[in-house]
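Numbering (the working numbering), first residue to last: 71 to 139.
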């Protein structure tokens, strides 16, 4: 899948300490936080949960691509 390949493409020995679960979680949480700030009351709880689920999946897929290398 594309996300696995994207994760593999970003795997480099010299950056692996920075491209890890902690930084992917930070990135994903910042995206969700930004969405919540920008959309404010227009973002329903259902939509917010959907965005969280999607970015959880995206983050896991990226990390799987890195870990499969």
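All C-beta atoms in this analysis are idealised placements derived from N, C-alpha and C, irrespective of residue type, glycine included.
Just so you know, these numbers come straight off a predicted model, no measurement behind them.
For residue 105 versus residue 96, is the C-beta distance shorter than 8 Å? Translated into the one-based positions of the chain shown, residue 105 becomes position 35. Translated into the one-based positions of the chain shown, residue 96 becomes position 26. Not a contact, by the Cβ cut-off of 8 Å.
Do residue 116 and residue 98 have their C-beta atoms within less than 8 Å of each other? On the chain shown, residue 116 is found 46 positions in, with the first residue counted as 1. On the chain shown, residue 98 is found 28 positions in, with the first residue counted as 1. Not a contact, by the Cβ cut-off of 8 Å.
Helix, strand or coil: how does DSSP classify residue 114 here? Counted from its first residue, the chain shown places residue 114 at position 44. Residue 114: coil per DSSP, three-state reduction.
Does the Cβ of residue 133 have 16 or more other Cβ atoms within 10 Å, making it buried, or fewer, making it exposed? The residue you call residue 133 lines up with position 63 of the chain shown. By the neighbour-count definition (other C-beta atoms within 10 Å, threshold 16), residue 133 is a buried residue.
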